[in-house]
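Student: I have a structure here, written as structure tokens, and I will follow up with some questions on it.
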């Protein structure tokens, strides 16, 4: 598996664990035990039962007939928006809280941008009766107010990050500071395939249920487990990692990651990391990130609260460097237009993050027999205010 993490926590030249000394015991404990924990029969039984009975898996693989007619291919939507809490994030938070319990942790912290990971974390903490604190950028709290209130209703304390751009990067910084000060009784549920090893691998494993189901569902739909394309949006990259996971070594399947171009890749207001970034260390791993010539992180921008992250996970950096995944980008307006198009073509209002993936359908030349799977990573309820303010519908 040349695209999987090696024993040292690297994907090619990306990955590792670049962490303060005070975090070393936490991360090392997790690294030593996570694989043996997730391979336990009792863990898998509990995990799979919760995915089925609580999350509502398997999620449907839906053939968008009108969308297919419009773009001249067979376009399937993997309906992660139908998961409990409204996005794919719950797959990972259930896995991680089960790991935390087995490590004897009593408290949970998390970061969130769009709020979906925060809601998913708050949900599993309520389910398991564990104390929860979620850090969220003050700017994101304002534009994702419904998710803030969901977290509070679920019993979670939401703490605003007031530094920097007051978005996801800053929330992650605050969560890591908290973890440094509470190392023994607290588990940090990272929401994406970012951070120090073993987080990128662990999160990808929990999200890989997405591609596992796609393969099984395609056998039923078309008699073949392999599509021609899998398309997913990429911020940190957890939904894409899950959608790509079981296809990484199947070179027939074209994998497409879509980043947020914001106001335009070269506008100075963008989050298109693969176009603008270079190698460096961000939030505990070596990866690609947007930075100045002297190594300071460039503030990202996107209309989408979940995609305005200045880097990508080390797995995605490796997939970009090797050419295994083609990375494209979509501007704010392209994404918003694609979200409205899906709403009026298939009756599904997508999250604005997901709408970025939909926006590249017009940028790819498909053959009429191509089977295309788009990971519909979340629903658009949380983004109604942003849609309304955008107003072009």
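Residue numbers (the numbering used here): 693 to 1085. The beta-carbon is built from N, C-alpha and C at its ideal position, and this holds for glycine as well. No experiment lies behind these values; they were computed from the predicted model shown.
Can you tell me whether residue 712 is buried or exposed, with buried defined as 16 or more other CB within 10 angstroms of its CB?
Tutor: exposed
Student: I'd like the ranges of any alpha helix (DSSP H) spanning at least 4 consecutive residues and lying wholly in the stretch 917-978.
Tutor: 930-936, 965-968
Student: Applying the 10 Å Cβ sphere with the 16-neighbour rule, what's the burial state of residue 869?
Tutor: exposed
Student: DSSP three-state call for residue 983: helix, strand or coil?
Tutor: strand
Student: In or out: residue 831 buried (at least 16 other Cβ within 10 Å) or exposed?
Tutor: buried
Student: Per the DSSP calculation, residue 850 is bridged to which residue(s)?
Tutor: 826
Student: Which residues does DSSP list as the beta-bridge partners of residue 1018?
Tutor: Looking at the DSSP output, residue 1018 shares a beta bridge with 948.
Student: Tell me where the alpha helix (DSSP H) around residue 716 begins and ends.
Tutor: 716-731
Student: Are the stretch 861-876 and the stretch 893-901 touching, with three or more C-beta to C-beta distances below 8 Å?
Tutor: no
Student: What is the residue span of the beta strand (DSSP E) that residue 755 lies within?
Tutor: 753-755
Student: Between which residues of its own chain and residue 714 is the CB-CB distance below 7 Å, once the five residues before and five after are set aside?
Tutor: 872, 875
Student: Closer than 8 Å is the cut-off here; do at least three beta carbon pairs connect the stretch 727-734 with the stretch 1000-1011?
Tutor: no
Student: Quick one: what's got a C-beta closer than 7 Å to residue 739's C-beta in the same chain, skipping five residues either side?
Tutor: Cβ neighbours of residue 739 within its own chain (closer than 7 Å, five residues either side excluded): 786, 787, 790.
Student: Report all residues from its chain with a CB closer than 8 Å to the CB of residue 817; omit the five preceding and five following residues, and keep chain order.
Tutor: 789, 800, 823, 824, 846, 847, 848
Student: Can you tell me which of 1077, 971, 881, 774 puts its alpha carbon nearest to the alpha carbon of residue 984?
Tutor: 971
Student: Where residue 974 and residue 761 are concerned, what is the direct C-alpha to C-alpha distance, given to the nearest angstrom?
Tutor: 42 Å
Student: What is the DSSP secondary structure of residue 779, counted as helix, strand or coil?
Tutor: strand
Student: Report all residues from its chain with a CB closer than 8 Å to the CB of residue 776; omit the five preceding and five following residues, and keep chain order.
Tutor: 746, 747, 748, 782, 815
Student: Could you spell out where the beta strand (DSSP E) holding residue 881 opens and where it closes?
Tutor: For residue 881, the uninterrupted beta strand (DSSP E) run begins and ends at 878-881, by DSSP.
Student: Would you call the CB atoms of residue 952 and residue 995 closer than 9 Å?
Tutor: yes
Student: Return the CA-CA distance between residue 913 and residue 900, expressed in angstroms with no decimal places.
Tutor: When rounded, the distance between both Cα atoms is 20 Å.
Student: Please return the same chain residues whose Cβ sits closer than 8 Å to the Cβ of residue 945, not counting the five positions on each side in sequence.
Tutor: 918, 919, 920, 921, 922, 939
Student: Whether or not the stretch 1059-1069 and the stretch 763-777 are in contact is what I'm after, with contact meaning three or more pairs of Cβ atoms, one per stretch, closer than 8 Å; do they touch?
Tutor: yes
Student: Alpha helix (DSSP H) containing residue 912: first to last residue?
Tutor: 901-914
Student: Figure out for me which residue from 717, 792, 720 has the closest Cα to the Cα of residue 820.
Tutor: 792
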